[in-house]
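The opening position of the sequence shown corresponds to residue 1 in this note's numbering, with each subsequent residue numbered one higher.
Beta carbons are placed, not taken as given, at the ideal position from N, Cα and C, and that holds for glycine.
None of the values given here were measured: they were computed from a predicted structure.
Everything below concerns the one structure shown next.
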Amino acid sequence: MKSAQSILKTYWGYDSFRPQQLNIITAVLEKKDTLALLPTGAGKSLCFQVPTLCEDGICLVISPLIALMQDQVKDLQSKNIPAIALGGQLSEEAQDEVMAAAIRGKYKFIYCSPEKLAQKQFQEGLNQIKITLFAIDEAHCISQWGYDFRPPYRKLDVLKQLFPNVPILAMTASAIPVVQEDIMKQLVFKNAHIITDTFLRPNLKYSVQKVPVKLHALRNILNELKGAAIIYCNTRSNVAQLTEMLQAYGYAVGAYHAGMPIEARQKVQANWMQDSTPIVVCTSAFGMGINKGNVRVVVHYDIPGSIEQYYQEAGRAGRDGNAAEAILMYQQNDWDYWIQLQEKKYPSIEVIKKIYQHLADFVQLPIGMGEKQQYIFDFETFCINFKLDKIIARNALSWIQQEGHIRFSESAFTPSMVQVLGDRYSIENFQNAQPIAGAVLQTLLRSYGGILDSPHFINEKLLAELLQRDIPFVIQQLQILALHGMISFDQKQHQPVVQFLWNRSAASFMKIDFDHYQLMKKAFMERIQQFIGYLQGQPAICRSIYLAKYFGEKGSKPCGICDLCTSTKG
Ligand code: ADP
Ligand code: MG
1 MKSAQSILKT
11 YWGYDSFRPQ
21 QLNIITAVLE
31 KKDTLALLPT
41 GAGKSLCFQV
51 PTLCEDGICL
61 VISPLIALMQ
71 DQVKDLQSKN
81 IPAIALGGQL
91 SEEAQDEVMA
101 AAIRGKYKFI
111 YCSPEKLAQK
121 QFQEGLNQIK
131 ITLFAIDEAH
141 CISQWGYDFR
151 PPYRKLDVLK
161 QLFPNVPILA
171 MTASAIPVVQ
181 EDIMKQLVFK
191 NAHIITDTFL
201 RPNLKYSVQK
211 VPVKLHALRN
221 ILNELKGAAI
231 IYCNTRSNVA
241 QLTEMLQAYG
251 YAVGAYHAGM
261 PIEARQKVQA
271 NWMQDSTPIV
281 VCTSAFGMGI
291 NKGNVRVVVH
301 YDIPGSIEQY
311 YQEAGRAGRD
321 GNAAEAILMY
331 QQNDWDYWIQ
341 LQEKKYPSIE
351 VIKKIYQHLA
361 DFVQLPIGMG
371 EKQQYIFDFE
381 TFCINFKLDK
391 IIARNALSWI
401 QQEGHIRFSE
411 SAFTPSMVQV
421 LGDRYSIENF
431 QNAQPIAGAV
441 LQTLLRSYGG
451 ILDSPHFINE
461 KLLAELLQRD
471 IPFVIQQLQI
481 LALHGMISFD
491 QKQHQPVVQF
501 LWNRSAASFM
511 KIDFDHYQLM
521 KKAFMERIQQ
531 FIGYLQGQPA
541 ICRSIYLAKY
551 FGEKGSKPCG
561 ICDLCTSTKG
């Protein structure tokens, strides 16, 4: 077995481990299940990469985002370490080939999503590979008590079922004590074992500013900026608005949110990484796994939904160890957003039941039928037919799905996206030259205000009705428009379907664990309440101490630089 030290030097060129890294690597080599709870930037990736390289056999890495996987795979490949990411970007055949090669021993690291791991065929493939370690990145996604729960992560208990002797290393940068327990329970750790470090960030100055005009305060900050900045907003429309305003003032700003096409997002991120557009305005979709040293300030322009989320996002400032600021701006009525969201995110039980019945009616599911049946499901039409608020409907349906009653195809809630690219002149020319596609273009412009400025979700079925044609016609014409460069068309991949798992008359139909639901609803509210505590600075202790305590850390000293420390010094 090669020594961890020599691996570190050979592949990374670093001379020494950071203290917790060595503890974790040792635990992994001793085959102990371990939860590594270290802040972002601490170097968690090395903790599974180095021990894997010390031994024969491969490491399977579970990661929530394809972009995160690809970054790490690229990084390993650049060091001549054979690694691959399995996921939606590869065809079925290509994935089969990868597995065949993996069985022959071609790879040292295989990255995959939790959904992939749930596939029987993939599990059988894994059975033929010598696996020495399971690494679970962003492990807080496992817990419903955490702030970023992802349902597919719930099924990771298969790891211990199928491979009881392979150790597990779970890694996260933010997990409050109940989440820590939950992670170890769900992964079926043989023994509870947590390795953690301090959550204090001595170079980070936290402050909370209740300001009359946020934009004014923000401009003052940006005018002093030396380096990069991130400005977090809660919604896509807030991101769009603020970006526009800042650009109008002449700042070099990029916008980033999950509603943008993937290429546009990648470009914004790359420009920001290279400091050509050093300010990014974004939703919380931005930043997971990014690694940039010179972020001098992270501003929260809206109130985030939890302390975990805030700590993660604020913590992207000052990774290089130099002085940096985390500033939260708010106004009294900012709370309304969260109160309203809570009502929409956790609809009442009556509403959930009603929406479930609507769904069965919508697909005309007869009494006594349903089990394993698939039906085409158009979400937009569903909401229109039953006069439902889209956010409420979507949350109710995803709750019913989480409870295991129905399954939506991935495309059910991700409509096609279109932006009109031409200017008035080229649009007119095009309409004269191509009247049929031109009419579709006209309908797009009429139906979706602002489609000239930014990509919009569209609904093929509604367009078909407006044009009095069928859906294939609409799709064909959109493709023609895209071909001529008149629009960008990010087409929904599959016809969305819903599958029912029970017969409509079965006792299990409509049986939902509402106690559990109420607990989650309560946890959501509690996270927000905790944030009020941080915001109001009550009791008036140092912001760093408040945050560290929240993660279960005891006995920290005041940071001396946050707004509370400096104001009580007098
Ligand atoms: P995390 O996952 O904890 O947020 P990463 O694994 O992405 O952090 O590592 C952050 C950065 O720190 C990477 O650039 C990595 O190469 C670097 N790094 C990790 N360990 C060491 C070390 N022992 N010495 C120097 N740099 C390190
Ligand atoms: Mg990481």
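* Measuring only between beta-carbons, confirm whether Q538 sits less than 8 Å from chain C. => Chain labels in this structure do not include chain C; a single protein chain is all it has.
* Of the residues E410, E124, A118 and I545, the one placed nearest A102, counting alpha carbons only -> E124
* Within 10 angstroms of its Cβ, does N234 collect 16 or more other Cβ (buried), or is it exposed? -> buried
* To do: Classify S6 as helix, strand or coil using the three-state DSSP reduction.
  => helix
* Reduced DSSP category for V253 - H, G, I as helix; E, B as strand; rest coil -> Per DSSP, reduced to three states, the secondary structure at V253 is strand.
* Would you decide whether S567 is buried or exposed? Buried here means 16 or more other CB atoms lie within 10 Å of its CB. => By the Cβ-count criterion, S567 is exposed, with fewer than 16 other Cβ atoms from all chains shown falling within 10 Å of its own Cβ.
* **Sequence-distant residues of the same chain with beta carbon closer than 6 Å to I303, five excluded per side** => Y330 and D334
* Can you give, in chain order, each stretch of the beta strand (DSSP E) that sits fully within the region 127 to 214 and has at least 3 residues? -> 131 to 136, 168 to 172, 194 to 196 and 204 to 210
* Identity of the residue in A439, R407 and F531 nearest P496 by Cα -> In terms of Cα proximity to P496, the closest of A439, R407 and F531 is R407.
* Which of helix, strand or coil DSSP assigns to A67 -> Residue state, collapsed to three classes: helix.
* To do: Identify whether Q21 lies in helix, strand or coil by the three-state DSSP scheme.
  => helix
* Asked: Going by the CB atoms, is the gap between M260 and P455 shorter than 8 Å?
  -> Yes, Cβ-Cβ distance for P455 and M260 is below 8 Å.
* Tell me whether S646 counts as near the ligand ADP, meaning its Cβ is closer than 7 Å to at least one heavy atom of that ligand. => Because residue 646 is not part of the residues shown, which for the chain are 1 to 570, the question remains open.
* Asked: What does a CB cutoff of less than 7 Å around M1 pick up in its chain, not counting 5 residues either side in sequence?
  -> Answer for M1: C54 and E55, listed in chain order.
* Is DSSP giving Q72 helix, strand or coil here? -> In the displayed model, Q72 falls within a helix according to three-state DSSP.
* Asked: Using DSSP with H/G/I as helix, E/B as strand and the rest coil, what is M510?
  -> It is coil, neither helix nor strand.
* What's the call for I532, buried or exposed, on a 16-neighbour Cβ count within 10 Å? -> Flag for I532 reads exposed.
* Are the beta-carbon atoms of V297 and A317 separated by less than 8 Å? -> yes
* **According to DSSP, residues forming a beta bridge with H300** => Y232 and L328
* Should T172 be counted as a contact of the ligand PLP given a C-beta to heavy atom distance under 7 Å? -> Here the bound small molecules are the ligand ADP and the ligand MG; the ligand PLP is not part of this structure.
* So which of V158, F551, K226 and M510 has the shortest CA-CA distance to N127? -> V158
* Please state whether DSSP places S78 in a helix, a strand or coil. => In this structure, S78 counts as helix in the three-state DSSP scheme.
* **Buried versus exposed call for I131 [16 or more other C-beta atoms within 10 Å across all chains shown]** => buried
* To do: Report all residues from its chain with a CB closer than 6 Å to the CB of V474; omit the five preceding and five following residues, and keep chain order.
  => E460, L463 and A464
* With I195 and T34 assumed to form a contact (beta carbons below 8 Å), what rounded beta-carbon distance in angstroms separates them? -> So it is a contact: roughly 6 Å between Cβ atoms.
* From T26, T10 and R104, residue whose alpha carbon lies closest to that of K79 -> Ranking T26, T10 and R104 by Cα distance to K79 puts T10 first.
* Asked: Counting pairs of Cβ atoms below 8 Å between the region 58 to 78 and the region 92 to 108, do you hit three or more?
  -> yes
* Can you tell me which of G422, L564, Q529 and H257 puts its alpha carbon nearest to the alpha carbon of Q241? => H257
* To do: May I have the straight-line CA-CA distance separating M520 from Q342, to the nearest angstrom?
  => 11 Å
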